[in-house]
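S.K.: Got a structure for you, questions after.
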Amino acid sequence: MVNHRHPSSTRPRPVVIDRAGPMDLTVLAADHAPVPMNMGAILMFQDGIAPSAIRELLTERLPRIPRLRQALRRTPFGCGRPVWLDDPDFDLDRHMDVVSWAEPGSRELLDTAAELLCRPLRTDRPLWRATLVTATSHAALVVVVHHVLADGLGGLAVLAALADEGPEQPVPDFPRPPPDSRTLLADAMRERLRAVRALPTALRQGIAGLRELGFGWTRIHLVEPTSLNQPTSPRRRLTRITTPLDEIAAAAHRHGGTVNDVVLAAVTGALLEIMSERGEHPPRLVVSVPISGRRSTTANELGNNTGVRPISVPATLDDSARLTEIITRTRDASRSTVRASSSGPLGALFRILHRTGLFQRFIDHQRLVHTFETNLRGPAVALHLAGHRVDALIPLVVTPGNVGVTFAVLSYAGTLGVTVIADPDLVPDQDILTSAIHTRFIRLVH
Numbered sequence: 007m008v009n010h011r012h013p014s015s016t017r018p019r020p021v022v023i024d025r026a027g028p029m030d031l032t033v034l035a036a037d038h039a040p041v042p043m044n045m046g047a048i049l050m051f052q053d054g055i056a057p058s059a060i061r062e063l064l065t066e067r068l069p070r071i072p073r074l075r076q077a078l079r080r081t082p083f084g085c086g087r088p089v090w091l092d093d094p095d096f097d098l099d100r101h102m103d104v105v106s107w108a109e110p111g112s113r114e115l116l117d118t119a120a121e122l123l124c125r126p127l128r129t130d131r132p133l134w135r136a137t138l139v140t141a142t143s144h145a146a147l148v149v150v151v152h153h154v155l156a157d158g159l160g161g162l163a164v165l166a167a168l169a170d171e172g173p174e175q176p177v178p179d180f181p182r183p184p185p186d187s188r189t190l191l192a193d194a195m196r197e198r199l200r201a202v203r204a205l206p207t208a209l210r211q212g213i214a215g216l217r218e219l220g221f222g223w224t225r226i227h228l229v230e231p232t233s234l235n236q237p238t239s240p241r242r243r244l245t246r247i248t249t250p251l252d253e254i255a256a257a258a259h260r261h262g263g264t265v266n267d268v269v270l271a272a273v274t275g276a277l278l279e280i281m282s283e284r285g286e287h288p289p290r291l292v293v294s295v296p297i298s299g300r301r302s303t304t305a306n307e308l309g310n311n312t313g314v315r316p317i318s319v320p321a322t323l324d325d326s327a328r329l330t331e332i333i334t335r336t337r338d339a340s341r342s343t344v345r346a347s348s349s350g351p352l353g354a355l356f357r358i359l360h361r362t363g364l365f366q367r368f369i370d371h372q373r374l375v376h377t378f379e380t381n382l383r384g385p386a387v388a389l390h391l392a393g394h395r396v397d398a399l400i401p402l403v404v405t406p407g408n409v410g411v412t413f414a415v416l417s418y419a420g421t422l423g424v425t426v427i428a429d430p431d432l433v434p435d436q437d438i439l440t441s442a443i444h445t446r447f448i449r450l451v452h
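The sequence shown begins at 7 in my numbering and counts up one residue at a time.
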């Protein structure tokens with residue numbers, strides 16, 4: 007029989023070892039709660055889009071993003087952290103669904119997205135799912151990925167690679183051969199030697215990180231308990247606020263701060279209002295904000311490189327005074343040489359708690375933070391998928407434990423959007439909270 011393959015195709019391909027990173031392990035340790043460690047986005051299209059167009063787009067561009075055709079696999083004993091391996095049986099139909107509605111409104115779409123966000127992804131496949139919601143005159147694409155696959159910055163890199171405006175990228179061979187146990191063991195031994203050499207630096211960063219989290223030499227600085235901080239259920243509800251980005255940026259500039267400082271002022275002011283209505287008056291609110299370990303990334307360099315930094319906000323009801331205090335505290339924190347906390351001691355703590363079976367109890371009763379706020383700078387101009395303009399980009403994230411409400415913030419094409427993600431059992435007044443955030447944006451802008 008004649009072999010018609012190109013001669014180069016018979017050459018042995020190099021074995022690539024692509025391991026989950028230390029922060030990825032932290033995500034995996036946290037993924038044993040009523041809600042999965044998922045994140046994602048809703049891509050809103052003003053006009054309709056055919057499912058076949060999305061399928062063709064994904065078929066063409068998924069090869070640019072190796073991680074979307076890889077599954078995370080554990081290694082044999084002693085062979086180091088889990089590895090990402092190409093899925094030779096990858097099938098797009100296992101990752102894409104279509105939901106057709108007569109004419110869904112924004113409430114129905116957000117409820118659908120919340121249900122998809124809280125649905126666990128199958129771990130024997132690449133860790134993502136896309137659901138196209140079609141209607142008569144418009145459509146939306148709800149994309150959900152596991153947090154171990156990418157952090158927020160990586161998620162934006164994936165979107166950029168899928169968009170019509172995305173750069174051409176080399177397509178790697180697929181499927182690549184998996185490494186054998188001997189290769190994995192040798193690589194793991196080299197990694198352990200590097201870790202030993204880096205131990206003094208890691209210890210210094212760990213001690214500084216623990217202090218930043220509130221662990222002092224004599225006592226732990228715990229946050230005040232509130233009705234918003236109770237063990238959460240498997241359900242989440244989404245609401246959303248949008249405001250012109252240039253107005254928020256101008257307000258931040260007038261006060262000498264950043265856009266996210268203004269967001270923190272609005273969010274904490276709204277939370278204080280809700281708590282006051284409940285008869286609660288904490289002296290401060292502690293908000294965990296993400297700090298990226300990189301300025302940019304590509305679709306070929308995903309994973310997690312983000313830590314967290316707690317910002318203590320005094321419970322003053324004056325919005326301008328609270329903003330001024332936030333600016334001072336975030337500026338002081340940004341000048342710190344300490345790397346974000348979860349990249350060191352918090353990550354190690356999570357992994358230890360997971361192995362001892364105490365993780366769920368810890369996150370259900372933690373008193374380190376009151377809430378989480380993620381913030382990303384998205385594309386400055388609108389993107390297109392399969393020739394269709396993405397009119398809005400809505401960030402999604404779900405957090406396990408005893409944090410009843412979190413906030414996902416994203417700027418896109420001149421608009422600043424805030425997604426409020428809450429447990430409806432703990433935050434039945436979510437609509438009032440959302441309205442209060444919008445009111446504070448107006449006050450801070452004017």
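We put the beta carbon where it would ideally sit given N, CA and C, even for glycine. These numbers were taken from a predicted model, which means no experiment stands behind them.
Please look up how many angstroms separate the CB atoms of R135 and V150, rounded, as I've assumed it's under 8 Å.
M.R.: Correct: roughly 5 Å between the Cβ atoms.
S.K.: Closest to D397 by CA distance: which of G54, I369, A26 is it?
M.R.: Comparing Cα positions, the closest option is G54.
S.K.: List, from N- to C-terminal side, the alpha helix (DSSP H) runs of 4 residues or more that fit wholly inside the segment 73-159.
M.R.: List check, alpha helix (DSSP H) in window: 112-123.
S.K.: Please report the Cβ distance between G420 and P178, rounded to the nearest whole angstrom; I am assuming they are in contact, meaning their Cβ atoms lie under 8 Å.
M.R.: Not really, about 36 Å apart at Cβ, beyond 8 Å.
S.K.: Does R345 come out as helix, strand or coil in the three-state DSSP assignment?
M.R.: Any answer about R345 is weak, because its pLDDT of 48 lies below 50 and its placement is not dependable; what the coordinates show is given next. Three-state DSSP puts R345 in coil, outside helix and strand.
S.K.: Hey, quick one: how far does the beta strand (DSSP E) through R383 stretch, first residue to last?
M.R.: Residues 377-383.
S.K.: On the criterion of 16 or more Cβ atoms from any shown chain inside 10 Å, does Q52 qualify as buried, or is it exposed?
M.R.: That one is exposed.
S.K.: I need the DSSP call for F413, collapsed to helix, strand or coil.
M.R.: It is a strand residue.
S.K.: Using CA coordinates, which residue listed in D170, V293, E379 is at the minimum distance from V229?
M.R.: Of the candidates D170, V293, E379, the one whose C-alpha sits nearest the C-alpha of V229 is V293.
S.K.: Is it true that the segment 265-278 meets the segment 374-384, where meeting means three or more beta-carbon pairs spaced less than 8 Å apart?
M.R.: Short answer: they touch.
S.K.: Would L138 be called buried (16 or more neighbouring beta carbons within 10 Å of its own) or exposed?
M.R.: With 16 or more other Cβ atoms within 10 Å, it is buried.
S.K.: Which value, in whole angstroms, describes the spacing of the CA atoms of T81 and D93?
M.R.: Between T81 and D93, the C-alpha separation is close to 16 Å.
S.K.: Buried or exposed: which applies to H152, given that a residue is buried once 16 or more other Cβ atoms fall within 10 Å of its Cβ?
M.R.: It counts as buried.
S.K.: So, with DSSP's three-state summary, where would you put N44?
M.R.: Three-state result, N44: strand.
S.K.: Going by Cα to Cα distance, which pick from I400, P401, E121, L31 is closest to S239?
M.R.: Measuring from the Cα of S239, the nearest candidate turns out to be E121.
S.K.: Distance, Cα to Cα, I427 vs F180?
M.R.: When rounded, the distance between both Cα atoms is 38 Å.
S.K.: CB-CB under 6 Å to T312, same chain, minus the five flanking residues each way: which ones, in chain order?
M.R.: Result list for T312: D157, P296, S298, in chain order.
S.K.: Roughly how far, in whole angstroms, is the beta-carbon of I254 from the beta-carbon of V451, given that I think they are within contact range, below 8 Å?
M.R.: Confirmed, about 7 Å.
S.K.: Pick helix, strand or coil for D198, following the three-state DSSP scheme.
M.R.: Note that residue 198 is Arg in the sequence shown here, rather than Asp. Note: R198 maps to helix in three-state DSSP.
S.K.: Tell me whether M43 is buried or exposed, calling it buried when 16 or more other Cβ atoms sit within 10 Å of its Cβ.
M.R.: When all chains shown are included, M43 counts as buried.
S.K.: Is the beta carbon of C124 closer than 8 Å to that of L190?
M.R.: Not closer than 8 Å, so no.
S.K.: Considering only residues of the same chain and omitting the five flanking positions on each side of G172, which have a CB-CB separation below 8 Å?
M.R.: R67, R70, A166, listed in sequence order.
S.K.: From the DSSP output, which residues share a beta bridge with G423?
M.R.: DSSP lists T248, L416 as partners of G423.
S.K.: In this structure, how does DSSP classify G161 when only helix, strand and coil are distinguished?
M.R.: G161: helix per DSSP, three-state reduction.
S.K.: Have a look at L116 and I400 and give me their C-alpha separation to the nearest angstrom.
M.R.: Near 10 Å, if we compare the C-alpha coordinates of I400 and L116.
S.K.: Could you check where the alpha helix (DSSP H) with A35 kicks off and where it finishes?
M.R.: Residues 28-36.
S.K.: Please classify S348: is it buried, with 16 or more other beta-carbons within 10 angstroms of its beta-carbon, or exposed?
M.R.: Summary for S348: the model assigns pLDDT 48, below 50, so the residue's position carries little reliability, and this model does not support an answer.
S.K.: Between the alpha carbons of A272 and V409, how many angstroms are there, rounded?
M.R.: So the two alpha carbons sit approximately 18 Å from each other.
S.K.: Specify, as a first and last residue, the run of the beta strand (DSSP E) that H394 falls within.
M.R.: That run of the beta strand (DSSP E) goes 394-403.
S.K.: Identify, in the order they occur along the chain, each residue of the same chain with its Cβ nearer than 7 Å to the Cβ of T343, setting aside the five sequence neighbours on each side.
M.R.: Because T343 sits at a pLDDT of 49, beneath the cut-off of 50, its placement in the model cannot be relied upon, and the point is left open.
S.K.: Give the range of the beta strand (DSSP E) segment to which L291 is assigned.
M.R.: Residues 290-298.
S.K.: Which same chain residues, not among the five before or five after L323, have their C-beta less than 7 Å away from its C-beta?
M.R.: Excluding residues within five positions, the ones whose Cβ falls inside 7 Å are L278.
S.K.: Looking only at its chain, what residues have a beta carbon closer than 6 Å to the beta carbon of T445, apart from the 5 residues adjacent to it on each side?
M.R.: Same-chain partners within the cutoff: there are none.
S.K.: Would you list the residues sitting across from T312 in a DSSP beta bridge?
M.R.: Its beta-bridge partners are S298.
S.K.: According to the neighbour-count rule (16 or more other Cβ atoms, all chains shown, within 10 Å of its Cβ), is S187 buried or exposed?
M.R.: Label assigned to S187: exposed.
S.K.: D30: buried (16+ other C-beta within 10 angstroms of its C-beta) or exposed?
M.R.: Per the 10 Å Cβ criterion, buried.
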